[in-house]
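Read the structure below first, then the notes.
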Amino acid sequence: MSDRLYDVVLYGASGFVGKQTVRYFADHVSPEQVRWAIAGRNRQKLEAVRDEVGVTVDVLVADSQDQRAIDAIVAQTRVILTTAGPFALYGNALIDACVRFRTHYVDITGETPWVRTLIDRYHAQAAIDGTRIIPCCGFDSVPSDLGTYLIVRRLQELGLPCKQVKAYFQAAGGFNGGTLASAFNLYDSQGLAKMNDPFLLNPVRNQTQAEREQNRDPQLPAFDPNLNIWIAPFFMGAVNTRIVRRSAALFEDWQESYGTDFTYQEYLKFEEPLAGLKAMGLTAGLALFMGAVQQPQVRSLLQPLLPQPGSGPSEQMMNEGWFSCELIGTATDGRGVRGRIRDQGDPGNRATVKFVCESALSLALQIAELPGGQTRGGILTPATGLGEVLAQRLRRAGMTLEIDASVLD
Ligand SMILES: NC(=O)c1ccc[n+]([C@@H]2O[C@H](COP(=O)([O-])OP(=O)(O)OC[C@H]3O[C@@H](n4cnc5c(N)ncnc54)[C@H](OP(=O)(O)O)[C@@H]3O)[C@@H](O)[C@H]2O)c1
């Protein structure tokens, strides 16, 4: 692969998140270290982004539906980073080419039914070839997946087999039009029913009814008397929990198990004043919105009022946003450890851009240090494909990722 012209190509670089990946590379990557280019379907828009950011990089053009043009880009690079979504609409040719040309791949999808189709079509070949195809490297699902990985490994270092990890999220930020477009595409393609399967992304799905019951998504807000806080279902939980379970299952296959009967669950956490009311209000409001946008007439009324593809929160809103993911791992003997991942900046933009760019740079610069060594491949997850290397890179990029040294009794 060293004969390839580029180390990383940023595909979808003219989109709302795509532009921010260009800025991130311009600000954080030296051209002597990483040879990178930008790509997408519209040369004019891409050149405008390049000029606005003020970088001298090549511009490559291919519509996502033009397999030949996509092949020409993928064959020239060691890593593809794509932000062109809905991924179920714009991601297929890229993945197909990455598997054929053995080009590593990261994206920021949260479209788990689409990820399932990738597993069925490409996992076996990519595993044989050692090609790392890693979807869900944005806010969904890096904090959940990498946080769980760090907690479990810390418990194991202490000689404590892990039984469960729970994550508690708080976040502030805005919504991108592209995210809403992806959600609507999921509804329209009957993806929601598939997303209900708690083991949608597991290699084998022959779990017992009891296991399915044990891993069911939380439905209602509740007061957690152990932690003395109000919690509610986290709206990204149906994505993140499936990724964490895929990581656990893949590690199990590789004899690096998280623990027998390991479970993972995540929640939104609410603080006083009025924590209970906030938890109930948000859960009810979200259920109402989800129900409403699935009615065609209501959606046609609402859609023009919502952010459109290509748009997103203001600079000020993105700078003022933040997220916090607190994790608690419990061992089989009841002892445990706590950890946290936090950063300043809108999770769907600032944090997502940091997550996905550092994921691509892990592949481009540190492939030999990644978990599983040079030969690991397949449709992987952030934890199984990038692991500790990504954690270190994110820390160096200013993000808080810490696991406490003390053990909870
Ligand atoms: N994981 C996370 O936390 C997270 C956070 C934010 C967003 N996302 C996801 O990321 C995706 C992008 O979000 P966004 O806000 O950046 O959306 P966006 O601004 O609408 O960008 C969409 C991108 O797709 C490109 N595109 C559209 N049709 C194409 C085609 N036929 N061929 C090639 N490219 C095409 C657009 O190109 P043009 O510029 O030429 O139109 C643009 O670059 C969405 O799926 C969203 O759900 C995930």
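For the working numbering, count along the sequence shown from 1 and bump the result up by 320. Cβ coordinates follow ideal geometry from the N, Cα and C atoms, glycine included.
The region 504-514 makes no contact with the region 472-491, as fewer than three CB pairs between them are under 8 Å.
Here Phe582 carries a coil assignment [DSSP, helix/strand/coil]. Around Ile661, the same chain offers Pro463, Gly467, Cys645, Leu721 as residues with beta carbons nearer than 6 Å, after the five sequence neighbours per side are excluded. Counting only the Cα atoms, Val375 lies some 33 Å from Gly697. The DSSP assignment places complete beta strand (DSSP E) segments of no fewer than 3 residues inside the region 446-518 at 452-454, 482-492, in order along the chain. Proximity to Gly360 across Val394, Leu700, Ala688 peaks at Val394, based on C-alpha coordinates. For Ala595, the enclosing alpha helix (DSSP H) has its first and last residue at 595-613. Beyond the five residues adjoining it in sequence on each side, Pro541 comes within less than 6 Å, by CB distance, of Ala552, Ala599, Met600, Thr603 in the same chain, given in chain order.
Distances from the CB of Tyr507 to the heavy atoms of ligand 1 are all 7 Å or more. Taking a 10 Å sphere around the C-beta of Trp356, we find 16 or more other C-beta atoms and assign the residue as buried. Here Arg532 carries a helix assignment [DSSP, helix/strand/coil]. The beta-carbon distance between Pro629 and Gly497, rounded to whole angstroms, is 5 Å. This is short enough to meet the 8 Å contact definition. Checking the DSSP bridge columns, you'll see Glu722 partnered with Arg660. Taking the C-beta atoms as reference points, Pro518 is found nearer than 8 Å to Arg532. Within the model, the alpha-carbon separation for Arg452 versus Leu594 is close to 45 Å.
Here Pro702 carries a helix assignment [DSSP, helix/strand/coil]. Inter-residue distance for Leu547 and Asp653 is about 19 Å (C-alpha atoms, whole angstroms). Closer than 7 Å to some heavy atom of ligand 1: that describes the Cβ of Asp383. Here the region 574-590 does not lie against the region 627-643, with fewer than 3 beta-carbon pairs under 8 Å apart.
For ligand 1, no non-hydrogen atom lies closer than 7 Å to the CB of Lys483.
Between the alpha carbons of Gln527 and Tyr469 lies a gap of roughly 22 Å. If the five residues before and after Asp465 are omitted, its C-beta is found closer than 6 Å to the C-beta atoms of Ile563, Val564, Ser567, Thr701, Pro702, Ala703, all from its own chain and listed in chain order. Between Ile454 and Val426, the CB-CB gap stays under 8 Å.
When Asp383, Ala569, Gln385, Val354 are compared, the shortest CA-CA separation from Val377 is found for Val354.
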